[in-house]
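So the structure is just underneath, and the comments pick up after that.
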Amino acid sequence: PLEQFEVFEFIGLHSMFGLNLALTNLGLYASLVTAVLIALHLLSVNSQRIVPSRWSIGLESAHASLHSMVKESIGSANEQYLPFIYSMFFFVLFGNLFGNAPYSFAITSSVMVCMGLSVTIFLGVTILAIVKHGWKFATFFLPAGTPTPLIPLLVVIELVSYVSRAFSLGIRLFANIVAGHALLNILSGMI
Numbered sequence: 001p002l003e004q005f006e007v008f009e010f011i012g013l014h015s016m017f018g019l020n021l022a023l024t025n026l027g028l029y030a031s032l033v034t035a036v037l038i039a040l041h042l043l044s045v046n047s048q049r050i051v052p053s054r055w056s057i058g059l060e061s062a063h064a065s066l067h068s069m070v071k072e073s074i075g076s077a078n079e080q081y082l083p084f085i086y087s088m089f090f091f092v093l094f095g096n097l098f099g100n101a102p103y104s105f106a107i108t109s110s111v112m113v114c115m116g117l118s119v120t121i122f123l124g125v126t127i128l129a130i131v132k133h134g135w136k137f138a139t140f141f142l143p144a145g146t147p148t149p150l151i152p153l154l155v156v157i158e159l160v161s162y163v164s165r166a167f168s169l170g171i172r173l174f175a176n177i178v179a180g181h182a183l184l185n186i187l188s189g190m191i
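Heads up, the sequence shown is in our numbering, so the first residue is 1 and it goes up one at a time.
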């Protein structure tokens, strides 16, 4: 049942500099998801209408829900990151929804996509935290009131815990998608 997760080339384009520019099913579905998201948001534009369309109402309610979650999680001062979070949410959502269609490819069933997204976001958040807080960011790894002899041990434990988040989030998304699709494939084979 794992053949459905195989990445294969549609069009092989190998350049003279050793770059592999082949169009794979992963690249095709990622591009398709991006194109559908752009089209969906272009359809929801109400420049000429007084009454919003159903597309517009749906996307506005999704935006409002995400906005309230972001505001609760990271505060209203950090709402500048809402467009990025909104885009990532819809990319992963539609990537997973497209993967539920028969004979299609789930882009989050690739461990490289999941790990790439999680590690990139992890590095970005860490860099933003260092830029925003400076050396005070290091106090994040030292709980308040820690006895002096335990400081080295707790700093190492907190640092390992912090770094492992990037990998655990990517692996968890990948494993859930692969397990769900494999289970559906096995159960449908019994019928």
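Backbone N, C-alpha and C define an ideal beta-carbon position, used for all residues, glycine too.
As the structure is a prediction and not an experimental result, all values here were calculated from the model.
Can you tell me whether DSSP reads residue i as helix, strand or coil?
i: E9; result: strand
i: N20; result: strand
Output needed for residue i: all residues of its chain with C-beta closer than 6 Å, excluding positions within five of it in sequence on either side, in chain order.
i: S109; result: F5, I177, V178
i: L159; result: F141
i: S161; result: none
i: F17; result: none
i: I130; result: F137
i: I11; result: L23
Going by C-alpha distance, which of the options is nearest residue i?
i: P31; options: G12, F98, E3; result: The residue asked about is misnamed: residue 31 is Ser in this sequence, not Pro. Selected option, being the one with the closest Cα: F98.
i: F89; options: N100, L23, N185, L173; result: L173
i: C114; options: A101, N96, V131, F84; result: N96
i: G170; options: G116, V33, P147, I127; result: G116
i: L93; options: I151, S47, A62; result: A62
i: V111; options: I130, L26, V131, S65; result: L26
i: E60; options: H41, N185, L28; result: H41
i: A101; options: I11, W135, T120, N185; result: N185
i: I3; options: Y103, L43, T139; result: Note on identity: in this sequence residue 3 is Glu, with Ile being the wrong assignment. Nearest option by C-alpha distance: Y103.
Pull up the distance between the alpha-carbon of residue i and that of residue j, whole angstroms please.
i: V51; j: R165; result: 44 Å
i: V45; j: S56; result: 7 Å
i: T24; j: L37; result: 20 Å
i: L128; j: F122; result: 10 Å
i: T146; j: F105; result: 49 Å
i: T126; j: H133; result: 10 Å
i: G124; j: R54; result: 35 Å
i: L66; j: I151; result: 38 Å
i: E9; j: P83; result: 32 Å
i: Q48; j: G75; result: 34 Å
i: V7; j: V156; result: 38 Å
How would you call residue i, buried or exposed, if buried means at least 16 neighbouring beta carbons within 10 angstroms?
i: S87; result: exposed
i: N144; result: It is Ala, not Asn, that sits at residue 144 in the sequence shown. It counts as exposed.
i: S118; result: buried
i: H181; result: buried
i: L153; result: exposed
i: V33; result: buried
i: I107; result: buried
Comparing the C-beta of residue i with each C-beta of chain B, is any distance below 8 Å?
i: L123; result: The chain inventory of the structure shown lacks chain B, comprising one protein chain alone.
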